[in-house]
Amino acid sequence: MATSVVDHAPASHHEPHTGIWSWITTVDHKRIGILYGVTAFIFFLLGGIEALIMRIQLMKPDNTFVSPELFNSLFTMHGTTMIFLGVMPLSAMFFNYFIPLQIGARDVAFPRLNAFSYWVFLLGGLFINFSFLINAAPNAGWFGYANLTSNQYSPGLNTDFWVLGLQILGVASMAAAINFFVTIVNMRAPGMKMLRMPMFVWMSFITQILLLLAFPVITIALVFLMMDRHFATHFFLPEGGGDPILWQHLFWIFGHPEVYILILPSFGIVSEILPVFSRKPLFGYTAMVFSGAFIAFLGFGVWSHHMFSTGMGPFADAFFSLSTMLIAVPTGVKIFNWIGTMWGGSLQLKTPMLFAIGMVAQFIVGGLSGVMHSVPPADLQQTDTYFIVAHFHYVLFGGAIFGLTAGAYYWFPKMFGRMLDDKMGKLHFWMMFLGFNITFFPMHFLGLNGMPRRVYTYPGDLNFEFWNQVQTWGSLLLGVSFLVFIYNMWKASRRPADAPADPWRGATLEWLIPSPPQEFNFADVPPVHSATPAWDLRRAGGGTLPEPQRVSGAGIHMPRPSYWPAVTAVGVLVTIGSILFTHAFSQWYFITLTGAAILIYGIYRWAYEPAF
Amino acid sequence: MDAHSHAQGGDHAHPTPGLYFKVALVLFVLTALEVLAYEVGHGRMGADLQRIVEPVVVMLLLVLSAAKFALVAMFYMHLKQDPKVLTNLFIWPLLLAATVIAAMIVIFSYWRVVGAK
Amino acid sequence: MSDAAAHAIEHPTTTGIDSRKVAIWTLIGSECLLFASLISTYLVYKGKSLVGPLPHTESQCMLHGKMQACEPIFSIPLVTFGTAVLLFSSFFVVLALYGAQKGNRKMLITWLSATVVCGLFFIGMQVYEFSHFYHEGLGYTTNLFASTFYTLTGFHGSHVTVGVIWLATLLVMAIRGKLPAGKSLNLEIAALYWHFVDVVWIVIFPVVYLMR
Amino acid sequence: MEKSSGLVRRLARQAPALCLLLLIAACAKDYPQTTLQPRGDFARMVDDLFRTTVVWATIVFVLVEGVLLWAIFKFRGRADDPEPRQVHGNTTLEVVWTVIPAFILVAIAVPTVKTIFKTSDYATGPGVVQIEVIGHQWWWEFRYPELGVVTGNEMHIPVGKTVNLRMTTADVLHSFWVPQFAGKRDVFPGRYNPLWFKAEVTGIFSGQCAEFCGVQHARMGFKLISETQEEFDAWVARERIGSPLVNAGTVPADTTTPADSAGRAAKLAADSLEQAGRALFSGAGCIGCHAMVGTPLASATSLKGPNLSHVGSRQTLVAGLMPNTEENLRKWLANPDSVKQGTLMVLPKKLTDAEIATLVAYLRSHR
Ligand code: HEA
Ligand code: HEA
Ligand code: CUA
Ligand SMILES: [Cu+2]
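Protein chains in written order, with my numbering: chain A, 61 to 672; chain B, 730 to 846; chain C, 146 to 357; chain D, 1201 to 1567.
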């Protein structure tokens, strides 16, 4: 609740910016962004290691490197980790760090809510991975189709960790989505109309809308599943008249928008990088905005394309097929506008640009195989084979991860004040590009030639060995490419800060302030007259911009640190996590009540604590 | 909260308690009509009326509840005088929600028929 | 949550609307999909229960340890009354807000108390209804109707509960004189949430109780 | 740009699409479970449609990636180059590249919708062979309700005749898939899903469960055996002996079956291996899960394991996991879990070597 601001001395009570405590209590969107980034990158590596183990197992037929149970856990956790703990929070890192900077704000709309999102995300990620330690890792696939997930067919805590973990992560995503949405609606610099927002902000904005509308559906689906598993209902169980297909509908009503949640931030990043490194404004800005919005809109009307083999009947098949195909049009618009941006430009092939171009080139492949899946009769052959695995890695890795990596190279200097080595960056790019294509292109062949997905092994006489081996070597190359990246960042961290405020001749507001930015971002927010305010200033200055000076922040009110968000996050964890114990002991609800008490106490303390 | 941003938030032409009261009355009447539709539709007031009302009872209920919904949203939630942004924040998700419900009903009705064979 | 409010001091918001108000509307938009999922489930499972009791029709059900014919379970008068109470609470909270904005503390406290009482009454109605159903043989897991019905109305009920706690907190603040006109936004936000809970019921009431 | 795009277009139109198709076709040859060599009408329709999409996708791919590559090489600049012309967009161009993909999609959509309607629902008409498919964790059951056959992991069909599948599952979701004959269709508990196809050639083809269904989803294969009508009839006649459906009276005993059947049954009853095997089959607990000709539960149709009445005649054992040899059967009976980890065949007690030998001989004698 609002408290008057005057009785706090400006900025004086802020803790020094060091020590663990300062990270736990921070409400600075930039530091939270870094927390998101580091955590998500570690989870990403974990998901990558899971993938590598799977690849080793699949290297030869009838391999026994891992047991079937472990393999099932590996792909389930790989998919879940990459999506919910890798790509989404990596995007959240960029949302956190760059939405406020790009719209000229001092922070997000609700800084403490932002911290809360991070802590819930971290605890949720730890919770779900904790299952490995007690040998109960989720093992029913990342979309956990009912009725395999019922108590009868999935006894043990494996699926419970998955259900409750996703529920916890959902809380984090929802809180963050509301926060960023409001930030973009309400915190823009003077003059920054909606149609002057940087494309990254636009795509992030649309992503938040998707999150807000898609997550409630999975929340409910997970509640039903939890009830089935712990409270003896039959939402998805035919024994009581329920229908497992309901799960599929609810999951994919969420799931398809989710894949656009994964890719749109990357679209935004690429739309930032291509103009800057072509030295030419984004081609067809308005079309880019509306195509993004249209993709999101259509994204809610295609969910059943994941269910063509369920026998929904010809009318539903036809409807969802056509709506799915239609998405190729706005996506095509994006691709063509990107090429249009490069066309006639003066391309500076620095590392971020390479990754951005790589993203465009590879996303096309994934998009085209997507259109092939959208043809239901043909999809009957493709679904649940490696052809699908090829599709989604082209869009998820070739699209999302390449885009995010491009963003990492592009914004690293801004975030840490240090340049990443360009030569090493290029090495990283080529290794990743080759490794990626060697790993995933042959999956098209394997899928069409009959290799189903989610098999821990395959018989030798189906001749899947050759391509599987190629893929495994490719994935190892891919793994090494990330070591190059890590080495590059490590080297950079050992150097003194050397990055100028604007190493790339950037077009947007974040390049007008020192690298890394000061806590308050902008001492004075510059007026905005176009979608490329930094270029406007640069032109006004005859082609150069003066290096911005660090200034004293005296007199600028910044939100004060708080640990109540972290406490409240613990409350969320305990409340939801307590359901794990329903079968274990009858007094389980005491844990729930404890969690709820922490949660409520945290909320009250948070609400009554002065924000500044 | 400072007065400044509040004024921008649409303090103009605030409805009065009198208007609120009228809305409450209408809501009450509409609710009564809903229950009436239910009763008549199921034969409480004789078979003749039932024959007329029964086929449209679902329609009637939907219309009545939509009207109540709109009244609360417009007057009590102030969408009528607040900035349009807020209306958009509500109306689009609402339409999506309605579409999802309708789509699910359609899809499941087919699913049941074919699955029995 | 005063973050945004204080921000507004240095930084008037882009839309001119307080961020907290935008946030609550965003949440409300999002919740539409939450209830859509629950309502779809209720509707697609309508008529799929294997045993009774059923909402509108007689059925075979297990009661007192033996299968027997059961009456339709819904009591329309009771919920109609609950519905009316909830509708009136929406009316009361809007009056309370009016009082708060006009700095009329008495009006604020009176109507806010009335709202909280109505909310409590509605919860009481639901608790009564649920326990009545339970005694009629309708446990949470008895059949699909029970599970979908209790989950849907239970989700709504828990929203009402959160609303009551929230409004009660504001009532305490108002009584202590900590809710002056300048802070009426605190109430406005809670009221928006409360109205939303009300409109959800406006949908649930006919769809669940009045459609056979 | 003018010149180059002409060239690209010409190249794109034919060569690469053809090359890709050739490449795929060449790759397909050695894959017994490929989707690219259809041997049934359903799969052929799907394949035609698929090839249409491949051609379009290749054209789009070559054109778009071509232009992209071209732009990269053509417009490389240096840091100190002057600022290029600041173009913000071009409405005509943007309309063009919105409309062209839309047309391409229409070209794909029309045959798609046609094929959707052709491939849905059950096949009807005279001469259609009816088969019920039941998925189990982790094996397939096939029943021929009109012919009185119940078998597992091996579906026999007559070539050139449409077979109509009515599919469900005994436990979790599975997906029935024989790539060379038809696409997948998932099976749901308490519900039936249709699929049909007509084999164009005879031969043995492999199929597999394609919906993740638990620990041994990977090992839920089966064989589809397409044979001439005579071979098929002979197979049916053999399978009817001791079939649970016939025993349960669901299907009337057929008096036109080959003359030897009655005699064979009599001979079997007297056989000493048969005596010992049958006793052990009950004694070792097999009977709790398997129907078997000559045993008391031979008419049970809702057992946990596959019908073993004619297991000796099958090509493979344990859902396509291994060839049906004496050695493999012995391995399986000695310790099912070591062959197929997590399998639901849990023996009440460990069998001795002698018991195994008897059971192996007994089971293999039933062809
Ligand atoms: C980033 C994530 C992402 C993105 C962006 C997409 C994009 C698309 N996806 Fe994909 N998809 C996934 C992630 C994604 N998908 C995942 C994770 C799965 C599997 C889930 C699971 O089962 O585990 C999946 C599965 C999946 C299926 C289900 C397959 C099955 O299981 O049977 C289908 C079916 O229609 C599909 C279609 C599409 C389509 C049509 C697009 C379109 O949006 C693509 C549009 C883009 C283009 C078409 C390219 C550019 C356009 C042009 C150059 C214009 C000209 C083009 C034409 C005229 C064709 N996807
Ligand atoms: C964004 C999403 C994303 C990403 C980036 C990836 C990345 C990768 N994926 Fe994944 N994948 C999915 C999403 C993703 N995947 C999903 C959703 C599924 C479906 C799951 C399901 O069916 O339920 C899937 C399934 C899937 C399968 C199919 C499993 C099956 O069906 O049986 C395979 C098989 O090869 C695979 C492989 C890989 C590989 C090799 C990578 C590589 O690109 C990974 C590269 C990264 C690394 C290799 C990490 C590098 C780390 C190191 C080198 C270690 C350094 C260590 C320290 C410094 C400590 N993935
Ligand atoms: Cu059965 Cu997979
Ligand atoms: Cu999809």
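Built from N, CA and C at the ideal position, the CB exists for glycine as well. These figures come from a predicted structure and were not determined experimentally.
For ALA378/A, the nearest beta carbon of chain C is not closer than 8 angstroms to its own beta carbon. In summary, TRP81/A is exposed, with fewer than 16 beta-carbon neighbours lying within 10 Å of its beta-carbon over all protein chains present. With fewer than 16 neighbouring CB atoms inside 10 Å of its own CB, GLY79/A falls in the exposed class. One Cα belongs to VAL1511/D, the other to TYR354/C, and the distance between them is close to 57 angstroms.
Residue state for ALA1399/D is assigned as strand, using DSSP reduced to three classes. A direct Cα-to-Cα measurement between ALA614/A and PHE327/A gives close to 38 angstroms.
With a threshold of 8 angstroms between beta carbons, LYS551/A makes no contact with chain D. Cβ atoms of TYR96/A and ASN189/A stay farther apart than 8 angstroms, at about 17 angstroms. Counting C-beta pairs closer than 8 angstroms gives three or more between the segment 267-281 of chain A and the segment 217-236 of chain A, which meets the contact rule. In the three-state DSSP reduction, ARG565/A falls in the coil class, being neither helix nor strand. Beta-bridge partners assigned by DSSP to HIS1336/D: TRP1339/D. Put simply, the backbone Cα of TYR547/A is about 18 angstroms away from that of LYS410/A.
Approximately 5 angstroms separates the beta-carbon atoms of MET385/A and SER434/A; this is inside 8 angstroms, confirming the contact. Beta-bridge partners of GLN205/C (DSSP): ALA214/C. If you check the C-beta of TRP202/A against ligand 3, you find no heavy atom less than 7 angstroms away.
Look at the beta carbons and you see the segment 261-268 of chain A touching the segment 351-368 of chain A: at least three pairs across the two are nearer than 8 angstroms. Interface with chain A (8 angstroms Cβ-Cβ cutoff): THR160/C is included. At a Cβ-Cβ threshold of 8 angstroms, LEU324/C and ASN331/C count as neighbours. In the three-state scheme derived from DSSP, where H, G and I count as helix and E and B as strand, GLN1475/D is classed as helix. For LEU95/A, the enclosing alpha helix (DSSP H) begins and ends at 89-117. PRO619/A is positioned such that its CB atom lies no closer than 8 angstroms to that of SER1320/D.
Under the DSSP assignment, SER1426/D falls in the beta strand (DSSP E) whose first and last residues are 1421-1427. Taking C-beta atoms under 8 angstroms as the contact rule, PHE103/A and THR141/A qualify, at a distance of about 6 angstroms.
Taking non-hydrogen atoms of ligand 4 into account, the C-beta of HIS1417/D is found less than 7 angstroms away from none of them.
For GLN1408/D, the nearest CB of chain A lies under 8 angstroms from its own CB, placing it at the interface with that chain. Approximately 7 angstroms separates the beta-carbon atoms of ARG166/A and PHE582/A; this is inside 8 angstroms, confirming the contact. Across the structure, ARG1514/D and ALA1437/D are spaced so that their CA atoms are roughly 15 angstroms apart. Straight-line spacing of the CA atoms in ASP1553/D and PRO1389/D works out to 39 angstroms.
Under the 8 angstroms criterion on CB atoms, ARG1391/D is classed as interfacial with respect to chain B. Distance from the CA of LYS193/C to the CA of PRO298/A, rounded to the nearest whole angstrom, comes to 10 angstroms. Taking 7 angstroms as the Cβ-Cβ cut-off, the segment 817-833 of chain B approaches chain A at PRO822, LEU825, VAL829 and MET833, given in chain order. For THR1369/D, the three-state secondary structure derived from DSSP is strand. The continuous beta strand (DSSP E) containing GLU1354/D extends over residues 1354-1358. The beta carbon of SER204/C does not come within 8 angstroms of any beta carbon belonging to chain A, so the residue lies off that interface. The alpha-carbon of ARG1564/D is positioned some 17 angstroms away from that of SER1482/D.
Closer than 8 angstroms to the CB of ALA168/C there is at least one CB belonging to chain A.
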